[in-house]
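Encoded as structure tokens, the structure appears first; notes follow it.
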Amino acid sequence: MSDTIDHLLQEKRVFEPSPEFKAQAHVKDDTPYREAEKDRLAYWEDWAKQLDWFEPWTKTLEWEPPYSKWFIGGKLNACYNCVDRHVKNGLGDKVALIWEGEPGDRRDLTYSEVLEEVSKFANALKKLGVQKGDRVALYMPMIPELALAVLACARIGAPHSVVFGGFSATSLSDRIVDQEAKMLITADAGWRRGKVLPLKATCDEALKNSPSIENVVVVNRMKNGEAPIDMKEGRDHWYHDLMADASSDCPAEPMDSEDLLYILYTSGTTGKPKGIMHTTGGYMTGVYATTKWVFDLKPEDVFWCTADIGWVTGHSYIVYGPMANAATQVMYEGAPDSPSRDRFWKICADHGVTVFYTAPTAIRAFMKWGHDLPAQHDLSKLRLLGSVGEPINPEAWIWYHKNIGGEKCPIVDTWWQTETGAIMITPLPGAVKTKPGSATKAFPGIEAKLLTDEGKEVEKGGGYLSISSPWPSMLRGIYGDPQRFKDTYWSKWDGIYFPGDGCTRDEDGYFWILGRVDDVMNVAGHRIGTMEVESALVDHQSVAESAVVGIPHDVKGTAIAAFVILKDSAEPSDDLEKELKQHVVEQIGAIARPEKIMFTADLPKTRSGKIMRRLLRDIAEGKTLGDTTTLADPTVVESLKNRYEDKEG
Ligand code: PRX
11 MSDTIDHLLQ EKRVFEPSPE FKAQAHVKDD TPYREAEKDR LAYWEDWAKQ
61 LDWFEPWTKT LEWEPPYSKW FIGGKLNACY NCVDRHVKNG LGDKVALIWE
111 GEPGDRRDLT YSEVLEEVSK FANALKKLGV QKGDRVALYM PMIPELALAV
161 LACARIGAPH SVVFGGFSAT SLSDRIVDQE AKMLITADAG WRRGKVLPLK
211 ATCDEALKNS PSIENVVVVN RMKNGEAPID MKEGRDHWYH DLMADASSDC
261 PAEPMDSEDL LYILYTSGTT GKPKGIMHTT GGYMTGVYAT TKWVFDLKPE
311 DVFWCTADIG WVTGHSYIVY GPMANAATQV MYEGAPDSPS RDRFWKICAD
361 HGVTVFYTAP TAIRAFMKWG HDLPAQHDLS KLRLLGSVGE PINPEAWIWY
411 HKNIGGEKCP IVDTWWQTET GAIMITPLPG AVKTKPGSAT KAFPGIEAKL
461 LTDEGKEVEK GGGYLSISSP WPSMLRGIYG DPQRFKDTYW SKWDGIYFPG
511 DGCTRDEDGY FWILGRVDDV MNVAGHRIGT MEVESALVDH QSVAESAVVG
561 IPHDVKGTAI AAFVILKDSA EPSDDLEKEL KQHVVEQIGA IARPEKIMFT
611 ADLPKTRSGK IMRRLLRDIA EGKTLGDTTT LADPTVVESL KNRYEDKEG
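All residue numbers for the sequence shown refer to our numbering, where the first residue is 11 and numbers rise by one.
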């Protein structure tokens with residue numbers, strides 16, 4: 011972390027938007043910042059009015075910290091706003107999705123076709139007994155049916171909960187059980203790096219422990235029998251069978267502005283993920299506004315957000331934000347290096363992508379693969395680039411600017427979270443000069459500050475990031491756990507949201523996000539709690555205790571290092587190390603696979619029993635001990651601990 015801070019603080023380069031970009035941008039100067047500051051509620055109302063409402067709201071905001079309600083009394087439907095209204099406004103023939111499967115198969119869907127498919131699938135869901143308010147879990151590859159199923163749930167008012175297709179059966183059933191989901195939607199399998207991901211088989215495993223699920227819908231992704239599956243009579247239904255006789259007449263359900271739109275699980279500091287709740291009116295307002303201004307979206311743009319819909323970025327900037335803006339967008343199923351490492355650039359060139367949004371971990375991988383790969387493709391249509399998920403190091407920013415953006419595209423480094431629903435800190439590309447590594451300023455209408463532990467504002471220098479007034483797309487709570495909601499986000503300061511990130515501010519008031527200050531790691535842009543990995547390890551029969559820390563990694567940003575104390579019956583070995591890594595993958599998913607496992611006889615703890623994570627990080631990075639195998643000697647840990655305690659006084 012201190013290396014990152016040093017790098018960021020030495021960064022002095024400034025990039026102004028080009029006159030050409032500025033001239034055509036939705037926002038060209040700081041007027042909206044000033045207007046939003048003058049009357050924040052009127053500003054958000056203006057955005058909300060750009061959506062279609064079945065009934066207008068009667069009150070804009072009710073704020074009883076930590077609970078907010080937005081656009082109270084208003085009735086709308088998220089799916090209607092993403093689909094029907096565009097068809098009604100004459101955009102039915104506009105392409106909504108340009109989809110590419112990893113093997114190269116392709117499907118384009120216009121807004122009219124989306125409306126037809128979504129309406130049919132919504133009717134199919136109803137026929138299977140899904141009613142307004144019932145939770146529906148989705149565990150799918152990045153195929154059009156995932157976006158369609160999400161919209162179909164929204165259409166009938168059934169909150170969806172998408173579980174990333176890389177999670178394990180245990181992670182899936184934990185999420186299903188927590189929200190008592192009634193239905194599960196999946197596919198036989200998906201493609202990833204040329205391999206078949208057996209999603210339905212994983213669902214079958216999860217379903218052994220998911221008693222609330224009554225029906226399972228299965229999309230047939232594998233057309234050539236690459237993934238034979240079992241279908242359980244009465245419970246499992248093929249998507250295409252349901253669609254064959256479904257009516258396409260399914261009016262969108264008028265939902266209350268504060269009705270639950272979705273639950274999305276994210277990692278926290280305990281072993282149990284949190285079900286983040288987003289409601290309808292405020293969330294749609296936030297994602298609509300940020301998509302339009304941050305990505306400077308115009309009707310002729312071809313937008314591509316490379317995230318998976320299993321994460322919040324895909325919810326807000328593949329499904330709801332772009333579609334509410336009637337965007338044409340690319341959706342891609344697979345890996346960036348399949349079949350070769352220029353796949354993304356080929357997709358950009360083939361479809362004329364104009365706005366491209368990805369994560370720093372991907373950019374760092376592209377850097378490693380070499381600038382000659384993007385150079386082989388025509389990227390001249392690109393006009394704006396985005397970054398999300400973790401701090402972007404200035405080197406990666408500059409590489410992205412030069413090699414992908416041809417030194418002409420502004421870069422929007424967007425800070426936000428599952429909990430915030432929409433982008434919170436970001437440049438507006440036609441109005442704000444950028445600095446590599448800085449997310450710059452709060453979006454108009456968002457009040458971000460740096461605070462000390464005591465809640466004192468830091469104008470320049472380091473502190474904790476905070477959001478001091480409510481915003482429309484903020485989370486409405488953690489499903490089934492109001493106390494955790496209060497403790498996690500609202501107990502540090504009074505009525506002020508604590509996101510869990512450290513940050514510094516420079517002389518221009520720019521924000522430089524430094525990363526998490528809690529026990530949450532950001533591995534390749536994905537949030538994983540140290541406790542989740544620790545729980546997965548102690549679940550193994552040979553493990554007595556474990557401690558997990560994040561260590562710097564040149565592509566992933568952070569990698570997972572685990573210290574493990576074995577039970578007396580077990581002996582450290584390379585095979586056991588492999589087995590433990592695999593056990594974590596089976597418990598959580600491949601994203602949580604530890605990079606390093608170190609067997610130890612003891613864990614360094616403070617006198618009050620807290621694990622000394624900083625010492626563990628130093629050991630894992632080899633700063634303290636060259637040869638970590640000697641940790642098996644208990645006196646080593648003890649003497650290290652003493653040295654640290656002496657140093658820290
Ligand atoms: O630490 C911040 C980091 O990702 C966390 C949120 O993770 P998640 O809810 O999974 O959402 C990721 C996609 C929005 C934050 O607390 N983070 C996200 N974007 C940035 C970032 N850190 C620095 N710069 C960013 N642009």
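We treat Cβ as the ideally placed atom computed from N, Cα and C, and that holds for glycine.
So who's on the other strand from residue i, going by DSSP bridges?
i: THR371; result: Looking at the DSSP assignment, THR371 forms no beta bridge with any residue, so it has no partner.
i: LYS459; result: SER476
i: ILE570; result: GLY560
i: ASP423; result: SER397
i: TYR342; result: GLU110
i: ASN225; result: MET193
i: GLU65; result: LYS85
i: TRP248; result: VAL228
i: GLY663; result: Residue 663 lies beyond the range of the chain shown here (11 to 659); nothing can be said about it.
i: ARG202; result: LYS205
i: THR212; result: None, per the DSSP bridge assignment.
i: SER6; result: Given a span of 11 to 659 for the chain in the structure shown, any question on residue 6 remains unanswerable.
i: CYS513; result: GLY473 and ILE523
i: HIS381; result: Answer is none; HIS381 lacks a bridge partner.
i: LYS451; result: Note: LYS451 sits in no beta bridge, so no partner.
i: ASP118; result: ILE108
i: TYR149; result: THR196
Are the Cβ atoms of residue i and residue j separated by less than 9 Å?
i: PHE131; j: LYS418; result: no
i: GLY167; j: THR371; result: no
i: PRO414; j: PRO446; result: Checking the displayed sequence, the identity of residue 414 turns out to be Ile instead of Pro. No, Cβ-Cβ distance for ILE414 and PRO446 is not below 9 Å.
i: GLY560; j: THR540; result: yes
i: SER326; j: VAL530; result: no
i: ALA157; j: ILE328; result: yes
i: CYS163; j: TYR272; result: yes
i: LEU383; j: CYS358; result: no
i: SER267; j: LYS142; result: no
i: GLN189; j: GLY285; result: yes
i: LEU194; j: VAL227; result: yes
i: THR514; j: VAL24; result: no
i: ALA441; j: ASP56; result: no
i: ALA197; j: GLU155; result: yes
i: SER28; j: ASN133; result: no
i: LEU135; j: VAL146; result: yes
i: HIS381; j: LYS356; result: no
i: ILE575; j: VAL553; result: yes
Whose C-beta lies closer than 7 Å to the C-beta of residue i among residues of the same chain, with five residues either side of it excluded?
i: GLY320; result: VAL172, VAL173, PHE174 and GLY175
i: ASP643; result: ALA611
i: THR300; result: GLY331, ALA432, ILE433 and PHE453
i: ASP246; result: VAL226 and VAL228
i: SER545; result: GLY281
Which same chain residues end up closer than 8 Å to residue i when comparing Cβ atoms and leaving out the 5 residues on each side of it in sequence?
i: VAL647; result: THR610, ALA611, ASP612, LEU613, PRO614 and LEU641
i: THR212; result: TYR149, SER178, ALA179 and LEU182
i: VAL595; result: SER178, ALA602 and ARG603
i: TYR53; result: PRO42, GLU45, ALA46, PRO454 and GLY455
i: ASP184; result: LYS282 and PRO283
Just to confirm my understanding: we take residue i, look at its own chain, exclude 5 residues before and 5 after, and list those with CB closer than 6 Å. What are they?
i: HIS452; result: Checking the sequence shown, residue 452 turns out to be Ala, not His. Counting only Cβ-Cβ distances below 6 Å, and skipping sequence neighbours, we find ILE435 and ALA458.
i: ALA2; result: Residue 2 lies beyond the residue range present for the chain, which begins at 11 and ends at 659; the question has no answer from this structure.
i: LEU499; result: Sequence inspection shows Tyr at residue 499; the Leu mentioned does not correspond to that position. TYR507 and PHE508.
i: THR316; result: THR368
i: ARG118; result: Looking at the sequence shown, residue 118 is not Arg but Asp. VAL105 and ILE108, listed in sequence order.
i: GLY505; result: PRO75
i: SER479; result: GLU457
i: LYS69; result: ILE82
i: LEU475; result: PRO509, ASP511 and CYS513
i: LYS302; result: ASN335
i: VAL206; result: ALA199, GLU236 and ALA237
Considering only heavy atoms of the ligand PRX and the C-beta of each residue, which residues fall inside 7 Å, strictly closer? THR276, TRP321, VAL322, THR323, SER397, VAL398, GLY399, GLU400, PRO401, ILE402, ASP423, THR424, TRP425, TRP426, GLN427, THR428, GLU429, ALA449, PRO509, GLY510, ASP511, ILE523, GLY525, ARG526, ASN532, GLY535, HIS536 and ARG537
Quick check: the region 335 to 352 against the region 304 to 319, are at least 3 beta-carbon pairs closer than 8 Å? yes
If contact is defined by three or more beta carbon pairs under 8 Å, each pair taking one atom from either stretch, is the region 462 to 470 in contact with the region 59 to 76? no
Could you say if the region 345 to 352 and the region 372 to 384 meet the contact criterion of at least three C-beta pairs nearer than 8 Å? yes
Indicate whether the contact test is met: 3 or more Cβ pairs, each with one atom in the region 83 to 96 and one in the region 287 to 298, closer than 8 Å. yes
So does the region 622 to 629 actually touch the region 188 to 204, counting three or more Cβ pairs closer than 8 Å? no
Would you check if the region 517 to 529 and the region 393 to 405 touch, i.e. whether three or more CB-CB distances between them fall below 8 Å? yes
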